[in-house]
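Trainee: Next up is a structure, given as structure tokens.
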Amino acid sequence: MKISANNLAFRSLQGTVIDEASFSFTGGQKIALYGPQGSGKKVLLLMLGGYLKPASGAIMLDNENVFHKLKAYRNHVGLEETDNINPLAEEMTIRENVEFALEIRGKSHKPKDVQEILDNFGIKVYADTPVKECSPFARAIASLACATVHNPDIILLDEPTKRLTSLEAKKFWEIANKIFKDETVIFSTKNFEEAEANSDKIISLDFSGHVIGS
1 MKISANNLAF RSLQGTVIDE ASFSFTGGQK IALYGPQGSG KKVLLLMLGG
51 YLKPASGAIM LDNENVFHKL KAYRNHVGLE ETDNINPLAE EMTIRENVEF
101 ALEIRGKSHK PKDVQEILDN FGIKVYADTP VKECSPFARA IASLACATVH
151 NPDIILLDEP TKRLTSLEAK KFWEIANKIF KDETVIFSTK NFEEAEANSD
201 KIISLDFSGH VIGS
């Protein structure tokens, strides 16, 4: 599997967010989108997942434009908690969020299946705690669990450790790297050390939405 971005551009009312971004990577790699606040990392991440359509350019999965078969492509994508796009339900417990994630993906499940997910991610101690009462670390891991319940090939993480301490961030990646085997993982970060330590390839963006290194 090969994913390519060909001259991607995205514009908002405030101006150009991503400008003619081109790069490619093979499936099974961990890809870091690195850049400062306002460089368009989140927009690029969501375009790669098929959640935002570019103003111009194309995202190709092998030789197929993903927006020509968007529903099929999105079935292969898992998105962790992202503000205003894919939030955890604050009033629900972590267990209920996992159950809901399974249901919206059309996955039949039994209580033991949910328990296995909670066990695999090490969050069974928080299982019956409402999300709004959870620590940032528990919330981050629960979000990761919900994003991967349907065994996606492509996993999108939007600054997954931004609310964590350095020790918590290290533990997050220990858990994530244990779970991820052959999946393609694309994550955004403002921290170059995090990008370097947890990716096979770094795609760097500047303030004007240009890819300056990949």
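Going by this note's numbering, the residue at position 206 of the sequence shown is 206; the numbering climbs one at a time, nothing skipped. Here a beta-carbon is modelled for each residue, glycine too, at the ideal position from N, C-alpha and C.
Can you tell me whether DSSP reads ARG163 as helix, strand or coil?
Mentor: For ARG163, the three-state secondary structure derived from DSSP is coil.
Trainee: By a C-beta neighbour count over all protein chains shown, 10 Å radius and 16 as the cutoff for buried, is VAL125 buried or exposed?
Mentor: exposed
Trainee: Secondary structure at LYS2, three-state DSSP: helix, strand or coil?
Mentor: strand
Trainee: Rank GLN37, GLY28, ASN6, LYS2 by C-alpha distance to the C-alpha of LEU205 and give the top, closest one.
Mentor: Selected option, being the one with the closest Cα: GLN37.
Trainee: Consult DSSP for ILE123 and reduce its assignment to one of helix, strand or coil.
Mentor: In the structure shown, ILE123 falls within a coil segment according to DSSP collapsed to helix, strand and coil.
Trainee: Please report the straight-line C-alpha distance between THR189 and LYS41, rounded to a whole angstrom.
Mentor: Taking the CA atoms as reference points, THR189 sits about 8 Å from LYS41.
Trainee: SER108 to LEU102, Cα distance in whole Å?
Mentor: 7 Å
Trainee: Going by other Cβ atoms of all chains shown within 10 Å of its Cβ, with 16 needed for buried, is LYS181 buried or exposed?
Mentor: Around the beta carbon of LYS181, a 10 Å sphere encloses fewer than 16 other beta carbons of the protein chains shown; the residue is thus reported as exposed.
Trainee: In this structure, how does DSSP classify ARG105 when only helix, strand and coil are distinguished?
Mentor: coil
Trainee: Under 8 Å Cβ to Cβ from VAL98, same chain only, skipping five residues before and after it: list those, please.
Mentor: VAL114, ILE117, LEU118, ALA142, ALA145, CYS146, VAL149
Trainee: Helix, strand or coil: how does DSSP classify MET60 here?
Mentor: strand
Trainee: Quick one: Cα of ARG105 to Cα of ILE18, how far?
Mentor: Those two C-alpha atoms are separated by around 30 Å.
Trainee: Where does ASP158 land, buried or exposed, given buried means 16+ other C-beta within 10 angstroms?
Mentor: buried
Trainee: If distances are taken between C-alpha atoms only, which option among LEU13, GLY28, GLN29, LEU48 comes closest to SER22?
Mentor: LEU48
Trainee: So the alpha helix (DSSP H) LEU44 belongs to, where does it begin and stop?
Mentor: Its alpha helix (DSSP H) spans residues 41 to 48.
Trainee: Which residues share a DSSP beta bridge with SER12?
Mentor: GLY15
Trainee: Please name the residue in GLU133, ILE179, LYS170 whose C-alpha comes closest to that of ILE155.
Mentor: By alpha-carbon distance to ILE155, the top candidate from GLU133, ILE179, LYS170 is ILE179.
Trainee: Using the rule of at least 16 other Cβ atoms within 10 Å of the residue's Cβ for burial, across every protein chain shown, is THR82 buried or exposed?
Mentor: buried
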